[in-house]
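J.: Pasting in a structure now, in structure tokens, and then I'll have a few things to ask.
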Amino acid sequence: MSNKQNDIWLKASVVGGLWASMEIIVGSFLHNTRLPFAGSILAFAGTILLIGFYQLWPQRGLIIRAGLITAIMKSVSPSAIILGPMTGIITEAALIELVIILLGNNFPSVAFAGVLSLSSALFHKIISVIILYGFNVITIYVNVINFALKQFDIKEAAPKEILFALLVVYVVTGIIAGVAGLFLGKKALKLRSEIPQEIFEKGIKEKEFFDLSGKQKTKELLLWIHIIAIPTGLFLFNFKGLLTGGIYSMVYVLLFGYYYRNSMRRLRKPIFWLQLILIILLSAFFWNTHSTDGVSLSMEGFWAGLEMMIRAIFIVVAFSALSVELRNKKVRNFLFKVGVGKFYQSVGMAFGALPQMIVLLPTAKEIIKKPVASLLKPLIYADSWLKIFKKQ
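Numbering-wise (this note's numbering), the sequence shown opens with residue 1 and increments by one.
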């Protein structure tokens, strides 16, 4: 591999590692405080960082490589579901990279890149919710919003109008993120500083990022079973109804929920079950808000809510199981076989530096108090991390 290719992978390791560190710090705070729109907040911070890093190292292919590295690092997070966040991260990086390649690194293009990145977070959330609960959840959301509007004597909004209003918010936020990334990146160019080297006396050890906790074993056959089982389950729910889809899902959940019990963290969280109960209640009472009696109990809504609950349990178990099987060592071997060993090594290096990166970055409390300075810090440290990575 050429020195130029090697250099861009090292830089991508730095960007990916620092991005993942910020995801962990901010994500942990959002998780603990249960703030809404957590994914959008993370996308906002990620967009600023990616555009900022590009000001430091304006190399084609850097952002998408960093996105791939961060996405793979996300696979070792405590979350049982990794595919959703991984696809979201890759989509953000790909859109920003594409816009900068096509339109250049300038004020209008980074603003547009920010809009696409933040908007992708909105659509990613909508698609994720639909996959988890089905299209019925859209009806519930729209009816709840319109019920709230009625209380203020505001005219009911159509689904397209609600989506448009959300898009306006995300467009404005995206422009702010893109411009902030450009501004902070330019500022970081003037404020580059060295990290005290004694912090790194122990060096950076590459880590295995396909490790599994406990005694969980992976099997290639099970990987293919889950790949087939997930679309089959969704098909049965969408076209055969609650009875057929429910029976299929419950058999799957009982079999594989027990087999992968060590990886079913989400099912152990009370908040998950509270959300499902809330979905059933909202569905039962807000399924039909156009009746003359106003909000009333609907058995049709109750059954729709029950279907969404069973579907959600199936999706959580299925994607948790699939996430385990994707950590199969044969996946790693396949990466080397198709010639992306450098990518694998870059992830290992970034993952090995992750604990030290987190220590050096500001805490969640500091980020809230000084958001601009906090996002500037990883940009300023980028060159120092690159020097350290080159020594490994």
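For each residue, glycine too, the CB sits at the ideal point set by N, CA and C. The model shown is predicted, which means the values in this text are computed figures rather than measured ones.
Could you give the distance in angstroms between the alpha-carbon of serine 263 and the alpha-carbon of leucine 191?
T.: Each residue's alpha carbon lies about 44 Å from the other.
J.: For the candidate residues Leu102, Lys391 and Leu379, whose alpha-carbon lies nearest to that of glutamine 55?
T.: For the residues Leu102, Lys391 and Leu379, the minimum Cα distance to glutamine 55 belongs to Leu379.
J.: Could you compute how far the alpha carbon of alanine 148 sits from the alpha carbon of proline 159?
T.: Each residue's alpha carbon lies about 14 Å from the other.
J.: Can you list, in chain order, the residues of its chain with a C-beta nearer than 7 Å to that of phenylalanine 272? Leave out the 5 residues immediately preceding and following it.
T.: Same-chain partners within the cutoff: Arg266.
J.: I need the straight-line Cα distance from valine 372 to leucine 184, nearest angstrom please.
T.: About 8 Å.
J.: From tryptophan 57 to leucine 50, what distance separates their C-alpha atoms?
T.: Using only the alpha carbons, I get a separation of about 10 Å.
J.: In or out: glycine 241 buried (at least 16 other Cβ within 10 Å) or exposed?
T.: The residue in question, glycine 241, is exposed, as its Cβ has fewer than 16 Cβ neighbours within 10 Å.
J.: Are the Cβ atoms of isoleucine 93 and glycine 61 separated by less than 8 Å?
T.: The sequence shown places alanine at residue 93, not isoleucine. Against a cut-off of 8 Å, the Cβ pair of glycine 61 and alanine 93 comes out as no contact.
J.: So, helix, strand or coil for asparagine 136, using DSSP?
T.: Asparagine 136: helix per DSSP, three-state reduction.
J.: Helix, strand or coil for phenylalanine 44 per DSSP?
T.: Of the three classes helix, strand and coil, the one that applies to phenylalanine 44 here is helix, per DSSP.
J.: Decide yes or no for the touch test of the segment 97-115 against the segment 243-252: beta carbon pairs closer than 8 Å, at least 3 of them.
T.: The segment 97-115 vs the segment 243-252: no contact.
J.: Can you say whether arginine 261 is buried or exposed, counting buried as having 16 or more other CB atoms within 10 angstroms of its CB?
T.: Burial call: exposed.
J.: To the nearest angstrom, report how far apart tryptophan 9 and leucine 281 are at their CA atoms.
T.: Computed Cα separation, rounded: 50 Å.
J.: For leucine 236, collect the residues of the same chain with a Cβ closer than 7 Å to its Cβ; drop the 5 residues on either side in sequence, then sort them by chain order.
T.: The residues are Thr244, Gly245 and Tyr248.
J.: Determine the DSSP secondary structure at proline 78, reduced to helix, strand or coil.
T.: Confidence is the limiting factor: at proline 78 the pLDDT is only 45, short of 50, which leaves the residue's position unreliable, though a coordinate-based value still follows. In this structure, proline 78 counts as coil in the three-state DSSP scheme.
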